[in-house]
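A.B. asks:
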Amino acid sequence: MARLRDGKHPYLSHGNPLAIAHRGGAGVYPENTERAFRHAVNLGFTHLETDVHVTSDGVAVAFHDDALDRVTDREGVIAELPWAEVQRARVDGTDSICRLDDLIGGFPDTCFNLDPKHDAAVQPLADVLVRTASLDRVCVGSFSDRRISRVRALVGDGLCAGMGPGKAILLVLRSWHLPLTPTHVDVAQMPVKAGGVPIVTRSFVAAAHNLGIDVHVWTINDPIEMNRLLDLGVDGIMTDQPDLLKETYIERGDWHPANE
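Letter by letter, the sequence shown follows residues 1 to 260 in our numbering.
1. Looking only at its own chain, which residues have a Cβ that is under 7 Å from the Cβ of isoleucine 104, when we skip the five neighbours before and after it?
2. Tell me the residue span of the beta strand (DSSP E) that contains proline 191.
3. Does DSSP put methionine 226 in a helix, in a strand, or in coil?
4. Sort Asn210, His9, Leu114 and Leu170 by Cα distance to arginine 147 and report the nearest one.
5. What are the boundary residues of the beta strand (DSSP E) that proline 108 is part of?
6. Taking alanine 188 and valine 215 to be in contact with their CB atoms under 8 Å, please state how far apart those CB atoms are, rounded to whole angstroms.
7. Given that a residue counts as buried once 16 or more other Cβ atoms are within 10 Å of its Cβ, and exposed if not, what is valine 130?
8. Please give me, in chain order, every unbroken run of the beta strand (DSSP E) with length at least 3 that falls completely inside the stretch 38-70.
9. Cβ of threonine 248 less than 8 Å from any chain B Cβ?
10. So is tryptophan 255 buried or exposed if we call it buried at 16+ other beta carbons inside 10 Å?
11. Give the range of the beta strand (DSSP E) segment to which aspartate 214 is assigned.
12. Round the Cβ separation of valine 71 and valine 91 to the nearest angstrom and send it over; I've been treating them as touching at under 8 Å.
13. Give every residue of the same chain whose Cβ lies closer than 6 Å to the Cβ of leucine 12, excluding the five residues on either side of it in the sequence, and list them in chain order.
14. Inspect the beta-carbon positions of leucine 230 and proline 17 and report whether they are closer than 8 Å.
15. Does the structure place the stretch 218-234 close enough to the stretch 198-208 that three or more beta carbon pairs sit under 8 Å?
16. Starting from threonine 248, trace the beta strand (DSSP E) both ways and give me its first and last residue.
17. From the DSSP output, which residues share a beta bridge with threonine 239?
18. Just list the residues that DSSP pairs serine 96 with in beta bridges.
19. Going by other Cβ atoms of all chains shown within 10 Å of its Cβ, with 16 needed for buried, is threonine 50 buried or exposed?
20. Should asparagine 210 go down as buried or exposed, given a rule of 16 or more other Cβ atoms within 10 Å for buried?
21. Terminal residues of the continuous alpha helix (DSSP H) containing valine 205?
22. Roughly how many angstroms lie between the CA atoms of cysteine 98 and glycine 212, to the nearest whole one?
23. Aspartate 115 bridges to which residues according to DSSP?
24. Who are the near neighbours of histidine 64 in its chain, counting only those whose CB is closer than 7 Å to its CB and skipping five residues on each side?
25. Provide the residue span of the alpha helix (DSSP H) that contains valine 155, from first to last.
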């Protein structure tokens, strides 16, 4: 997979700002389910976000929590259960859990933002990316810089890479005019604040853009805040409310043909 002429990864090339459905749009349908993902795609979203866990027999699944307990009708830690058990669980009592390879294969024209939640998920995630030949439409982000680096080492430099806390701190410090530079990063996917301290500021966005790094913000469900961040120049927003984000983009003239 080749980078585009402007150096961007194809994942980032669908027209800014990107609209990204967090967990498929967790505020509308049960999170991380095919129904939620399908709703966002039917709205015209080209980008979906989900998390990756792995079962005891090595099956990568699209699921946020370590355990089934919070959102399904069953209990147990996913890493300690085989896929035969996990697939019996129903999110909100109605929807099955998605295998990652089925999800990526089932939406062949859609981009995915993937977060391996544990070290054990790294190899199965990399295997899925290679097996589905989906590097040009996947970005991997994580709260662990090491996990992102490990996925990159397994699949090659064609991966669109986010940043974990270590590299995020470097970028924040650069926005404070310190000569520090995070490397091997395509996009900074950040919360608005951390510990009450604003992170996504105008100077942060400028510092990232000066390094050729895009800025995506999560998880934004309020149209007023969506507009404020877009006015700062962010390159994408993740939301649990895809309907609201689409409406906001349309009102601003930011809903690109590529999103339809």
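We put the CB at the ideal spot given by N, CA and C, even for glycine.
The model shown is predicted, which means the values in this text are computed figures rather than measured ones.
C.D. replies: Judging by the given coordinates:
1. Contacts found: Phe112, Val128, Thr132 and Ser134.
2. Per DSSP, proline 191 belongs to the beta strand (DSSP E) from 187-191.
3. helix
4. Leu114
5. That residue, proline 108, is in no beta strand (DSSP E); it is neither H nor E in DSSP.
6. 5 Å
7. In this structure valine 130 is exposed. Its beta-carbon is surrounded by fewer than 16 other beta-carbon atoms within 10 angstroms.
8. 47-54 and 60-62
9. The question asks about chain B, but that chain is absent: this structure has only one protein chain.
10. buried
11. 214-218
12. 5 Å
13. Take leucine 12, set aside five residues on each side of it, and the residues of its chain with a beta-carbon closer than 6 Å to its own are Asp214, in chain order.
14. Yes, the Cβ-Cβ distance between leucine 230 and proline 17 is below 8 Å.
15. Touching, yes.
16. Where threonine 248 is concerned, there is no enclosing beta strand (DSSP E), although the alpha helix (DSSP H) it sits in stretches over 242-252.
17. Ala21
18. Arg90, per the DSSP bridge assignment.
19. So threonine 50 counts as buried.
20. Exposed is the call here.
21. 202-210
22. 34 Å
23. BP columns for aspartate 115 point to Asp51.
24. Arg23, Glu31, Asn32 and Asp51
25. 145-155
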